[in-house]
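Before any comments, here is the structure.
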Amino acid sequence: MTVEAPQNDSLFEAPPMAEQERMVEAVLFATAESVTVRELTARLPHGSDPAEALVHLKKRYEGRGVAVVKVGDAWAIRTAPDLGFLMQKETVETRKLSRAAIETLAIIAYHQPVTRAEIEEIRGVGVSRGTIDQLLELEWIRFGRRRMTPGRPVTYVVTQQFLDHFGLESARDLPGLKELRAAGLLENRPPPGQALGESEADEDDLDPDEDQGEMFEP
Amino acid sequence: MTVEAPQNDSLFEAPPMAEQERMVEAVLFATAESVTVRELTARLPHGSDPAEALVHLKKRYEGRGVAVVKVGDAWAIRTAPDLGFLMQKETVETRKLSRAAIETLAIIAYHQPVTRAEIEEIRGVGVSRGTIDQLLELEWIRFGRRRMTPGRPVTYVVTQQFLDHFGLESARDLPGLKELRAAGLLENRPPPGQALGESEADEDDLDPDEDQGEMFEP
Amino acid sequence: MADPFNDQDDAPQGGVEARLAAEALIVDVDGYEGPLDLLLMLSRTQKVDLRKISILQLAEQYLAFIERAKGLRIELAADYLVMAAWLAFLKSRLLLPADPNDDGPSGEELAAHLAFQLERLQAMREAAAKLMARDQLGRDFFARGIPENVERVRKVRYTATILDLMQGYARIRTRDDFRPFVMDREALFTMEQALDRLRGLIGYAGDWTDLMSYLPEGWESDPKKRRSAAAATFAASLELVKAGKIDIRQDEVFAPIHIKKKRDLNDG
Chain A
2 MTVEAPQNDS LFEAPPMAEQ ERMVEAVLFA TAESVTVREL TARLPHGSDP
52 AEALVHLKKR YEGRGVAVVK VGDAWAIRTA PDLGFLMQKE TVETRKLSRA
102 AIETLAIIAY HQPVTRAEIE EIRGVGVSRG TIDQLLELEW IRFGRRRMTP
152 GRPVTYVVTQ QFLDHFGLES ARDLPGLKEL RAAGLLENRP PPGQALGESE
202 ADEDDLDPDE DQGEMFEP
Chain V
2 MTVEAPQNDS LFEAPPMAEQ ERMVEAVLFA TAESVTVREL TARLPHGSDP
52 AEALVHLKKR YEGRGVAVVK VGDAWAIRTA PDLGFLMQKE TVETRKLSRA
102 AIETLAIIAY HQPVTRAEIE EIRGVGVSRG TIDQLLELEW IRFGRRRMTP
152 GRPVTYVVTQ QFLDHFGLES ARDLPGLKEL RAAGLLENRP PPGQALGESE
202 ADEDDLDPDE DQGEMFEP
Chain R
11 MADPFNDQDD APQGGVEARL AAEALIVDVD GYEGPLDLLL MLSRTQKVDL
61 RKISILQLAE QYLAFIERAK GLRIELAADY LVMAAWLAFL KSRLLLPADP
111 NDDGPSGEEL AAHLAFQLER LQAMREAAAK LMARDQLGRD FFARGIPENV
161 ERVRKVRYTA TILDLMQGYA RIRTRDDFRP FVMDREALFT MEQALDRLRG
211 LIGYAGDWTD LMSYLPEGWE SDPKKRRSAA AATFAASLEL VKAGKIDIRQ
261 DEVFAPIHIK KKRDLNDG
């Protein structure tokens, strides 16, 4: 049986920072996914400070062929974008997203957490189940908390994979987010004469035009 | 940065060696298998010298968390051999001890040194080998002296780890029956109709009257 | 994308041209992502900033478009018609003087909201385009090609508190009353004990004596003990009969059992 290092002041000292940096490097190189600081902490020897090691590592890879990038609350190593041309062989053909799917994705990213009714309000057309399913399947969106309004509708938010795919450190780094917010275009503005929240009342009812959206997909 | 003269009379100059090194780094990182020099030559811009770039790259990674290694006649980036232990992810799951184990442990604590037959006599049901083994493995009990009676049965006593876990100076500090009664702990009646075999049957299940414990909370 | 509204002026006059135009219109309607999208497309013909757009003019453009589509027998989805009805209502609100008895939203408010919706949809379109223009994983930048397997080691840690322990013990101690099948040794009189007792006592009794009078002291009243002692004593008596030490008799079924020491022939 292995005796774990005690949680409190450890018998074993944490490895030197240079060594911790090597360890973080090895862990990040070993996976195609992003790794959270929490997971790094769990995997490195007790007392290590992966957050600091990451700062050093990120600096070390500046200007190199691969970069240490932040993805949400996780970190990953990715090839430098300017070298993409070398990787034609590695390019994964992604299924072409329909215009509806791309717009729905953008609406979720910029308005998250957002309900289906709100997406439909913005697009002015029903959102087909297939569109949402496709984005869920890509793991670019996931369910957020239910909205605390009548019907308790589910909301959608973008995922860590979404950030990773589009090379975003966080959802705050979405292009043009600040300007859109300043212009008031991200506000949930109900139609005049309709109280806020009312539009969500029938959210969980079956949408009569549910499959209508599909008509419009190319 | 020295710009080398192209080896052959190429129309375009080969990128600087530092740039070639970046390229080799990115290709080795992103390719799903090890890459031969021939393939690197094919993928890098015309006039590049990936063999030389590899030498530089290999050197750059010396002592790092990953290494540039030759696999047959191809090259790859791999975890430094001394960091293999990081490629394990340990998940610790916390589980509540089964009712049978708790009772057995309690009897050993209150009656130590005690034989298995005596434990069974007190519990009124058999004690499975698994229960004893689990407590031994947890290092909460250990073997005491053999009893000087026919068959010379082994006895069990609690360990220092047991005392540490339960915050006791010694097993004598456990509240006696009188105190248990005073604390209302002895007024507990098992659910009527509970047959003896039953408690044994659900030995490893979740404690069915788990929430009964709330009765005792001060 | 061709703007169908642009050919309004040279509207189909008949023949092949008309049919071609009608086909083009079908294609274009199918190309729209709903009435709001169509409105956005129509608004571009005004060639002004969305914020300065004339909603009244836009409503007229839309209604004209729908009329044309109807004239060409193009099937329009219901929400295009709903939008048309709403725009007709909006148009009348914008043109007629406000009814002082109506406390609903004014035509201007409704028009402003529609303008906001159009601007927002346009903004989302642009944002989506910017998003898709970003470098993308697996296209412009890449993840590790040879990921190493991370071995998962599962470890279980068991916990228990001192309270669990005390409750567990208390549970056992209070369970005593409920034990149905445990042999209670205190209430058990063995045949060996009965034999010893009978051997010692039988010599004193010369005549037939009730077997029950041989039960040990303190075992007569408690039914559990009495049962055990009676069974043991009876079994012991049979042992002694077998050994030729005593005689035994019972007058009838369920009658008391009597025993008597066998007269030793040598005793005369």
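Chains A, V and R supply the protein sequences, listed in that same order.
So the first sequence is numbered by the working numbering: it starts at 2 and just counts up by one.
So the second sequence is numbered by the working numbering: it starts at 2 and just counts up by one.
So the third sequence is numbered by the working numbering: it starts at 11 and just counts up by one.
Note that CB positions come from ideal geometry on N, CA and C, so glycine has one too.
Cα-Cα separation, residue i to residue j
{"i": "V/Glu140", "j": "V/Gln161", "result": "9 Å"}
{"i": "R/Gln260", "j": "R/Thr200", "result": "23 Å"}
{"i": "A/Gly125", "j": "V/Thr32", "result": "44 Å"}
{"i": "A/Gly131", "j": "R/Glu136", "result": "23 Å"}
{"i": "R/Trp96", "j": "R/Ile76", "result": "13 Å"}
{"i": "R/Arg83", "j": "R/Arg54", "result": "25 Å"}
{"i": "R/Tyr72", "j": "R/Ala79", "result": "11 Å"}
{"i": "R/Ala88", "j": "A/Pro176", "result": "35 Å"}
{"i": "V/Ala54", "j": "A/Asp165", "result": "29 Å"}
{"i": "V/Arg23", "j": "A/Asp83", "result": "10 Å"}
{"i": "R/Arg167", "j": "V/Ala81", "result": "31 Å"}
{"i": "R/Ala125", "j": "A/Glu104", "result": "19 Å"}
{"i": "A/Glu34", "j": "A/Asn189", "result": "34 Å"}
{"i": "R/Arg236", "j": "R/Glu230", "result": "5 Å"}
{"i": "V/Arg65", "j": "V/Lys59", "result": "10 Å"}
{"i": "V/Ala107", "j": "A/Leu45", "result": "38 Å"}
{"i": "R/Ser238", "j": "R/Leu208", "result": "15 Å"}
{"i": "V/Ala102", "j": "R/Gly228", "result": "40 Å"}
{"i": "R/Pro157", "j": "A/Thr156", "result": "34 Å"}
{"i": "R/Ala122", "j": "R/Leu86", "result": "26 Å"}
{"i": "V/Pro154", "j": "V/Ile120", "result": "12 Å"}
{"i": "R/Lys270", "j": "V/Thr150", "result": "42 Å"}
Classification of residue i by the beta-carbon crowding that lies within 10 angstroms, buried from 16 upward
{"i": "R/Tyr214", "result": "exposed"}
{"i": "R/Val192", "result": "Because R/Val192 sits at a pLDDT of 47, beneath the cut-off of 50, its placement in the model cannot be relied upon, and the following sentence gives the value as read from the coordinates. R/Val192 is exposed by the Cβ-count criterion."}
{"i": "R/Pro233", "result": "exposed"}
{"i": "V/Gln89", "result": "exposed"}
{"i": "V/Glu138", "result": "exposed"}
{"i": "R/Asp174", "result": "buried"}
{"i": "A/Arg148", "result": "buried"}
{"i": "R/Phe264", "result": "exposed"}
{"i": "R/Asp220", "result": "exposed"}
{"i": "A/Gly198", "result": "Summary for A/Gly198: the model assigns pLDDT 46, below 50, so the residue's position carries little reliability; its value from the coordinates is reported in the next sentence. Exposed is the call here."}
{"i": "A/Met29", "result": "A small correction: the amino acid at residue 29 of chain A is Leu; Met does not occupy that position in the sequence shown. Classification of A/Leu29: buried, given that the 10 Å Cβ count is 16 or more."}
DSSP-derived helix/strand/coil call for residue i
{"i": "V/Glu22", "result": "helix"}
{"i": "R/Trp218", "result": "coil"}
{"i": "A/Ile78", "result": "strand"}
{"i": "R/Phe151", "result": "strand"}
{"i": "R/Phe99", "result": "helix"}
{"i": "A/Ile109", "result": "helix"}
{"i": "A/Asp165", "result": "helix"}
{"i": "R/Gln260", "result": "strand"}
{"i": "R/Lys255", "result": "coil"}
{"i": "R/Tyr224", "result": "helix"}
{"i": "V/Gln89", "result": "strand"}
{"i": "R/Tyr179", "result": "helix"}
{"i": "A/Arg153", "result": "coil"}
{"i": "V/Thr95", "result": "strand"}
{"i": "V/Val159", "result": "strand"}
CB-CB length for residue i against residue j, believed under 8 Å
{"i": "V/Ile78", "j": "V/Val93", "result": "With a Cβ gap of about 31 Å, V/Ile78 and V/Val93 do not count as contacting."}
{"i": "R/Leu49", "j": "R/Leu68", "result": "6 Å"}
{"i": "A/Gly194", "j": "R/Arg144", "result": "No, A/Gly194 and R/Arg144 are not in contact; Cβ-Cβ is about 39 Å, not under 8 Å."}
{"i": "V/Val158", "j": "V/Arg173", "result": "So it is not a contact: roughly 12 Å between Cβ atoms."}
Span of the beta strand (DSSP E), counted from its first residue to its last, around residue i
{"i": "R/Thr169", "result": "161-169"}
{"i": "A/Ala68", "result": "67-72"}
{"i": "R/Lys270", "result": "267-271"}
{"i": "V/Arg146", "result": "Looking at the DSSP string, V/Arg146 is not in any beta strand (DSSP E), and its letter there is neither H nor E."}
{"i": "A/Thr42", "result": "Here A/Thr42 belongs to no beta strand (DSSP E); instead the alpha helix (DSSP H) covers 38-44."}
Limits of the alpha helix (DSSP H) - the one that residue i falls within
{"i": "V/Asp83", "result": "Segment: none, V/Asp83 is in no alpha helix (DSSP H) and carries neither H nor E."}
{"i": "R/Arg135", "result": "117-142"}
{"i": "R/Ile76", "result": "65-81"}
{"i": "A/Val128", "result": "From DSSP, A/Val128 is part of no alpha helix (DSSP H); its letter is neither H nor E."}
{"i": "A/Glu56", "result": "The sequence shown places Val at residue 56 of chain A, rather than the Glu named in the question. Element bounds for A/Val56: 51-61."}
{"i": "V/Arg117", "result": "117-124"}
{"i": "A/Lys179", "result": "178-183"}
{"i": "R/Gln203", "result": "201-212"}
{"i": "R/Asp47", "result": "45-53"}
Heavy atom of the ligand GTP within 6 Å of residue i beta-carbon
{"i": "A/Pro82", "result": "In the structure shown, the ligand GTP is absent, as is every other ligand, since no ligand is present at all."}
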